[in-house]
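Take the sequence shown: its letters are residues 6 to 243, numbered as in my numbering.
Glycine residues also receive a C-beta, built at the ideal position from the N, C-alpha and C atoms.
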Amino acid sequence: MENSSELISEFLHNRSSGAQELARQALDIVKALYFSHTSIPEVFDFLCKSADQFHQMVPLIKIRDHFQKYGVGKSSIEAFERLLYDTSYISHAAFLFDTPKSVLTFSNSSSVKAVLLHYKNSLKKVICCRSLPLGEGEFLHDSLIEQDVKSSIIEDAEAANYLGSVDFVVIGADAVTEDFVVNKVGTLSLVLTARHFGVPLYVIVSPLKMIQSKNYLAEKLEQYFEKIDSSLITEIVN
6 MENSSELISE
16 FLHNRSSGAQ
26 ELARQALDIV
36 KALYFSHTSI
46 PEVFDFLCKS
56 ADQFHQMVPL
66 IKIRDHFQKY
76 GVGKSSIEAF
86 ERLLYDTSYI
96 SHAAFLFDTP
106 KSVLTFSNSS
116 SVKAVLLHYK
126 NSLKKVICCR
136 SLPLGEGEFL
146 HDSLIEQDVK
156 SSIIEDAEAA
166 NYLGSVDFVV
176 IGADAVTEDF
186 VVNKVGTLSL
196 VLTARHFGVP
206 LYVIVSPLKM
216 IQSKNYLAEK
226 LEQYFEKIDS
236 SLITEIVN
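#1: May I have the straight-line CA-CA distance separating L149 from K155, to the nearest angstrom?
#2: On a Cα-Cα basis, can you pick out the residue from R20, Y90, Q58 and V77 that is closest to G140?
#3: How big is the Cα-Cα spacing for S218 and Y229?
#4: Does any heavy atom of the ligand COA sit closer than 6 Å to the C-beta of I95?
#5: Excluding the 5 residues flanking V171 on each side, which residues of the same chain have their C-beta closer than 6 Å to its C-beta?
#6: For S211, which option in V181, L237, I233 and G191 has the closest C-alpha, if you only look at C-alpha atoms?
#7: Nearest to Y39 by CA position, among D70, I95, Q58 and S81, is which residue?
#8: Please report the distance separating the alpha-carbon of V186 from that of Q73.
#9: Who are the near neighbours of I95 in its chain, counting only those whose CB is closer than 8 Å to its CB and skipping five residues on each side?
#10: Determine the burial state of F202: buried for a count of at least 16 other Cβ atoms within 10 Å of its Cβ, exposed for fewer.
#11: On the DSSP letters alone, give me the boundaries of the alpha helix (DSSP H) that S115 sits inside.
#12: Determine whether the beta carbon atoms of R200 and L168 lie at a separation below 7 Å.
#13: Looking at C-alpha atoms only, which residue of E231, V242 and K214 is the closest neighbour of V63?
#14: Quick check: what's the CA-CA separation for S41 versus R87?
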């Protein structure tokens with residue numbers, strides 16, 4: 006595969022995409038490596054580097070474990086594609102949009118974006134926190150604007166000023182266990198502020214994000230991620 010090292014390097018340094026999108030990119034690289042007859046050990050080397058680099062993101066752990074268990078081949082690739090593109094969470098989120106709603110969100114979750122775009126005719130407005138220090142919220146805001154969704158961007162510290170004007174807060178997650186969820190740093194502050202003001206907060210994730218806490222090394226979280234206790238969340242939609 007030509008330029009595979011450059012492609013892999015670019016992937017491993019991606020700091021703007023969410024876990025689900027990174028898993029899609031990782032699978033695309035696996036497919037490109039496999040169908041260009043790259044050696045299986047090289048494919049596994051990429052998968053291990055990916056899981057190590059993004060160890061806080063469950064989909065990257067699961068894609069490594071999947072191919073370690075089933076091997077790298079056409080059938081195992083197709084099997085993981087089915088897991089990756091399970092969007093049942095979209096229909097499961099229908100109850101949130103029974104009437105036109107205003108929502109506030111944080112970071113750049115592909116699952117949240119998919120839900121907001123699916124129900125955009127039931128959206129009055131979306132308020133996106135900038136999500137510093139990396140500013141992922143700007144990417145979500147731009148994506149919504151491109152799809153004619155009424156969206157505005159605010160500084161993270163301004164969230165308290167806007168919570169009174171929304172029906173609920175919706176966020177994604179990089180990992181969901183029975184005890185806690187993991188998301189970008191700054192999420193916990195928003196969660197606690199929403200709870201203080203009595204604003205419901207929902208976490209929308211694909212089933213691929215679910216993992217037992219005993220299998221997740223929360224103590225290895227890097228500086229850009231943090232745990233949020235499940236008791237602070239209104240409901241997890243998956």
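On the basis of the coordinates in this document:
#1: 7 Å
#2: R20
#3: 19 Å
#4: Looking at this structure, you won't find the ligand COA or any other ligand, since it has none at all.
#5: S107, V108 and L109
#6: V181
#7: S81
#8: 26 Å
#9: A119, V120 and H123
#10: exposed
#11: S115 to H123
#12: no
#13: K214
#14: 22 Å
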